[in-house]
Structure formats: C-alpha cells, structure tokens
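Before any comments, here is the structure.
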Ligand code: AHM
Ligand code: MG
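In our numbering, the protein residues as written are 101 to 428.
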C-alpha cells in the first residue's frame, strides 16, 4: 500500500511543470496533523484541556487544544518556508509568514480551521482539521493582501481534512479526485487506505441540528417534513462535529445541513476554511455543496471569517433540497 509520501511523489511526476512546492505544503500539513493527533489522543489523560489562559495545577499556563493546533500548523508551515501566509479560525487577521529579511518565495497561502468541533474533545468525540490551499494573487515577495485570502472556492488548488477518530485519516483533493490516507500510529505513517473516494449515488441519512427547527427557512422545514413523511427511507445522524458528520456521509451517503436560524441568521459555518474545503472534496467525490442561494464555491468572499448556510452531500439529495429552495 502506498504511503502519502509515495503518493505525492508519483502524483508530482505526472505534472512535468511541478516544482515540488505543492507536495511540500501537504508534507507540512501531514506533519502537523500527526502531532495534533498525538495531543488529541492523550487529551483525556493530560491536563491540557481547559480554557485558554487558565493555569493548571503545576502553575503552567494551560492551552486549549484548538489554540495549540493553530500554533502547531503555523509553526509547521512557517519553519519550512513553503507557504507565504495563513488564515486561521483562531486568528482575527491573516498571518503574513514572510519575514522582512528573508521573503520566502512561495506562491501558496493556506486557510485552516486547525481543530473543528473542539468542544467535543472533553467528551471523547472525534474532531478534525479542515484546510484549503490557494495561489496568492499579489506578486511573490510583496506583502500579502486581503485579496490573497478572499478568493472564491473555485480557485482552490487543494483542500482536505484530517479526522482524529477511531483511526486518524487524512483526506484531500487537488482537483483530481479524493484520496484518503489512514495513519498507522505505531510507525507514524499515513497509508493510502481509501483511493478515489466517490459518494454513493444517493443516500438515506440527513445530518442537522434540528433543535433550531422553529427558525429555519420555510423551504428547509418543508424538506425536513418530506424526509420525515418517508421515514422508512430516511434516518438522522448528527454528531455535531462537522468533519465526522461529513466523513460518515461521504462513505455511507447522505446530506449535511446547516441552515440559517434565528441565532445564526447567515448560518454558522465559516465559508473560507470550513465550507469551501468541504465543498471541494464533496464535489470531487461526485456530490454537491450549496448555500441558500448558490454553489458554495462560487460565493464571492468579503470577510475572512464570514459565515454561510451550508448544505452538501449526494447530488440527488441536494437537488431535491434545491427544488425546495427555489420554490421558497
Ligand atoms: P466550531 O468551529 O466552533 O468548532 O463550530 C463548528 C462546529 C461544527 O463542527 C459542527 O458541525 C457545528 O459546529 C455544530 O454546531 P451546532 O452545535 O450548532 O449544531
Ligand atoms: Mg470550526
């Protein structure tokens, strides 16, 4: 079975113009993911969980795992000087990784949710990392601009997620299908365990936080009602940890739904580092990803941390939802 490293080498050989820079970005993300995996796995044992800024019994400053993961991904990418900038859910503004003295020559920026669903760690539920890779728009060597990060999802060079679950899996696409690599923790190597992942044609699962039903848009309510009236066919599964919900639906078929509601009038999930990367993967696996009004990857971003409604999964199931949304 191929390792992720071997897969990247053979993939790189297919592209004559490739400089190896892209592979280096994935290598750095892979390395950071392994360290985060190690920390997540021992979180229940070590006094690392807690609010950022609090002090643990040894008098050391405690760090929340999502902040820890954020710093780790930045370090892994900055040390190797292979991306010029990073935007993260854990940082208000984008980070320009180019130092004054030594501008790195990279053309790539990374957008990342370092540890999504981290409130689930305390109760031993799987969490994940979600990332997107883009080519910067400003000239190499110049300071980064907001436009380098505010790109449509259709401009993604690559996107992926790491699920820290019963086993740890690194799933990514660079626009030629989706591949999944499972970590062998004994030797710290990711192996190509799930080549060319394709969503089943249709599915029977829908994943949604229905506690917010009262303030969902009418079209979403109607869609849900229809599923319930056909209860022999449909079932609900909702972990509340997006990467886990998406991963299950990717293999078993189904749709993930996060509509707007009163508390979250534009939806909860972040367009740039949650919706877009998952949308790229879902589309590459043969599915669809939309917001209330359009294809997720075609939304013109205006803000680094903007939220969007998010519906994705099997093509057929999303098309039924689209019909409801059109009808209003
Ligand atoms: P986070 O970025 O603060 O971790 O929130 C994102 C998470 C997703 O993993 C999950 O799908 C969603 O929030 C669950 O939200 P809710 O508790 O409203 O159902
Ligand atoms: Mg998140």
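A virtual CB, placed ideally from N, CA and C, is assigned to each residue, including glycine.
Problem - Three-state secondary structure (DSSP) of residue 116 - result: coil
Handout entry: Cβ-heavy atom distance, residue 374 to the ligand MG, below 8 Å
Key = yes
Problem - Every unbroken beta strand (DSSP E) inside the stretch 294-368 [3 residues or more] - result: 305-307, 355-358
Exercise for the section: Tell me whether residue 134 sits in a helix, a strand or coil according to DSSP, three-state version. Expected result: helix
Practice task
Return yes when the C-beta of residue 213 is under 8 Å from any heavy atom of the ligand AHM, and no when it is not.
Solution key: yes
Handout entry: Contacting residues, own chain, Cβ-Cβ under 6 Å from residue 237 (five flanking each side not counted)
Key = 247, 248
Exercise for the section: May I ask you to verify whether the stretch 367-376 touches the stretch 332-340, counting CB pairs closer than 8 Å and requiring at least 3? Expected result: no
Exercise for the section: Consider the C-beta atom of residue 430 and the heavy atoms of the ligand MG; say whether any pair is separated by less than 8 Å. Expected result: Absent from the model: residue 430. The displayed extent of the chain is 101 to 428, so no value can be given.
Problem - At least 3 beta-carbon pairs within less than 8 Å: the stretch 251-264 vs the stretch 225-242 - result: yes
Practice task
With a threshold of 8 Å, establish whether the CB of residue 345 neighbours any heavy atom of the ligand MG.
Solution key: no
Exercise for the section: Name, in chain order, the residues that DSSP records as bridge partners for residue 180. Expected result: Answer is none; residue 180 lacks a bridge partner.
Problem - Whole-angstrom distance between residue 124 and residue 186, CA atom to CA atom - result: 15 Å
Exercise for the section: Verify whether the separation of the beta carbon atoms of residue 492 and residue 215 is less than 9 Å. Expected result: Only positions 101 to 428 of the chain appear in this structure, which leaves residue 492 out of reach.
Handout entry: CA-to-CA distance, residue 427 to residue 255, given in whole angstroms
Key = 30 Å
Problem - Contained beta strand (DSSP E) runs [length at least 3] in the stretch 242-277, N- to C-terminal order - result: 258-264, 268-273
Practice task
Enumerate in chain order the residues of its own chain whose CB-to-CB distance from residue 306 is below 7 Å, with the five nearest sequence positions on each side excluded.
Solution key: 327, 334, 336, 354, 355, 357
Practice task
Determine the burial state of residue 42: buried for a count of at least 16 other Cβ atoms within 10 Å of its Cβ, exposed for fewer.
Solution key: Residue coverage of the chain in this structure runs from 101 to 428, which leaves residue 42 outside it and unanswerable.
Problem - Where the alpha helix (DSSP H) through residue 421 begins and ends - result: 415-427
Exercise for the section: On the DSSP bridge assignment, give the partners of residue 284 in chain order. Expected result: 289
Problem - C-alpha gap between residue 219 and residue 424, whole angstroms - result: 33 Å
Problem - Neighbourhood of residue 387 by C-beta, 6 Å cutoff - its chain only, sequence neighbours within 5 removed - result: 299, 413, 414, 415
Exercise for the section: Locate the alpha helix (DSSP H) running through residue 432, then write down its first and last residues. Expected result: Coverage of the chain is limited to positions 101 through 428, which leaves residue 432 absent and any answer about it impossible.
Handout entry: Beta-carbon gap between residue 111 and residue 276 smaller than 9 Å
Key = yes
Practice task
Please classify residue 409: does DSSP put it in a helix, a strand, or coil?
Solution key: coil
Exercise for the section: Could you tell me the distance, in whole angstroms, from the CA atom of residue 399 to the CA atom of residue 203? Expected result: 31 Å
Problem - Cβ-heavy atom distance, residue 383 to the ligand MG, below 8 Å - result: no
Exercise for the section: Report the partner residues of residue 211 according to the DSSP bridge assignment. Expected result: 187, 232
Problem - 9 Å Cβ cutoff met for residue 359 and residue 367 - result: yes
Handout entry: At least 3 beta-carbon pairs within less than 8 Å: the stretch 265-273 vs the stretch 281-293
Key = yes
Practice task
Output the boundary residues of the beta strand (DSSP E) element that contains residue 143.
Solution key: Element bounds for residue 143: n/a, residue is neither H nor E.
Exercise for the section: Taking only the alpha-carbon atoms, compute the straight-line gap between residue 405 and residue 189 and give it to the nearest angstrom. Expected result: 7 Å
Problem - residue 351 vs residue 308 beta-carbon contact at 9 Å - result: no
Handout entry: Secondary structure of residue 388, DSSP reduced to three states
Key = strand
Practice task
Please confirm whether residue 194 and residue 209 have their CB atoms less than 9 Å apart.
Solution key: yes
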